[in-house]
Amino acid sequence: MMDLSEKQWVKHAVLHPFEGFEDMRWKKSGSLRISFFIVLLFFIGTVVNDRLYAFQFHNSYDKLFNIVPYFVKSIVLFAAWVIGNWSVCTLLDGEGTLKRICIFSAYSIIPYVASLFFTAFLSHFLIADEGVFILCLHYAGIIWTGVLLFNAVKTVHQYSFMKTVSAVVLTLAAMLIMMFLLVLVMSLFQKAGLFIYSIYTELQYRFRV
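Residue numbering for the sequence shown follows my numbering, beginning at 262 and increasing consecutively.
What follows is the structure, given as C-alpha cells:
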C-alpha cells in the first residue's frame, strides 16, 4: 500500500474515484483540517460563482448583498449531508464515523468546488456564444463529484452497490427533513423576535406617555 502525504492523498482520492477512497480507508488517512479548508473554499466558490461572473453570462451586480443564502448553499448544505448520512447509515449498520464521513465527503466535492472558480474565471474571457464550454465544465464538475461522493459513501460504510443507492436516497430525504425543520425553527425565532420587539416598543411608548 502506498505511503503518501496528506496533500497527496487528496489528489489520489480525486483522480482515482474507485480505488482512492478504498486506499484511504485502509491507511486510515485523510485530514479533518484539509476537509474544513475545502468546505471553506466551497463557501467562497459559491459567492464567487454568483457575484463575480462576467455580465454577459450572469448579471448579479445588485446593491444588496446577503451572505446568509451563500452560507446555507455551501456550509449548511454540506453539514446537512454529513449529519444526514451519518444518521441514516447508523441505522443501516454503516461502518463510517462522523469524522470519516466528513473527510470523505469533503474530498468528494473538490471537482465541483474547482468548477465554481474555473467557470467564473473563464466567463471573463469567453463571449456569450461560447458559454457551452462553461456549461460543460460546470456539469463535468457535478458528475465527477457525484461519482466521488457515491464511492465515498460505498467505501466508508462498506456497502454493496444497491445498499449505497438506498443510503444516498435516504440521506437526501434526511437532508430535506432537516432543512424543513431548520426553516421552521428560524421562522419561529423570527416571529418570537418580532413579538418581543413589539412588546418592547409598546412598553417604551407607555412609559413615555
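Every residue gets a Cβ at the ideal spot worked out from N, C-alpha and C, and that includes glycine.
Query                                                                                                                   : Result
Three-way DSSP call (helix, strand, coil) for Arg336 in this model                                                      : It should be noted that the sequence gives Ile, not Arg, for residue 336. Looking at Ile336 - three-state DSSP - the assignment turns out to be helix.
Cβ neighbour criterion (16 or more within 10 Å) applied to Cys363                                                       : buried
Coarse secondary structure for Gly281, derived from DSSP in three states                                                : helix
Stretch pair the segment 407-414 + the segment 352-370: three plus CB contacts closer than 8 Å                          : yes
CA-to-CA distance, Ala435 to Met447, given in whole angstroms                                                           : 18 Å
Local Cβ density within 10 Å of Leu302, reported as buried at 16 or more and exposed below that                         : buried
Helix, strand or coil at Gln465 according to DSSP, with G and I counted as helix                                        : helix
Exposure of Gly291, with buried meaning 16 or more beta-carbon neighbours within 10 Å                                   : buried
Three-pair Cβ contact test at 8 Å for the segment 436-444 versus the segment 372-388                                    : no
Rounded separation between Glu356 and Ile460 - CA only                                                                  : 51 Å
From Phe304, Asn310 and Lys288, residue whose alpha carbon lies closest to that of Phe332                               : Phe304
Sequence-distant residues of its chain with Cβ nearer than 8 Å to Ser376 (five each side left out)                      : Leu398, His399, Ala401, Gly402 and Ile403
Nearest candidate by alpha-carbon position, reference Trp405, set Ala274, Ser266, Phe468 and Leu265                     : Ala274
C-alpha gap between Lys360 and Gly392, whole angstroms                                                                  : 39 Å
Nearest residue (CA-CA) to Asp264, options Leu455, Leu293 and Met285                                                    : Met285
Cβ neighbour criterion (16 or more within 10 Å) applied to Pro278                                                       : buried
C-beta atoms of Val349 and Leu431 nearer than 9 Å                                                                       : yes
Reduced DSSP category for Glu356 - H, G, I as helix; E, B as strand; rest coil                                          : coil
Neighbourhood of Leu338 by C-beta distance below 7 Å, restricted to the same chain and skipping five residues each side : none
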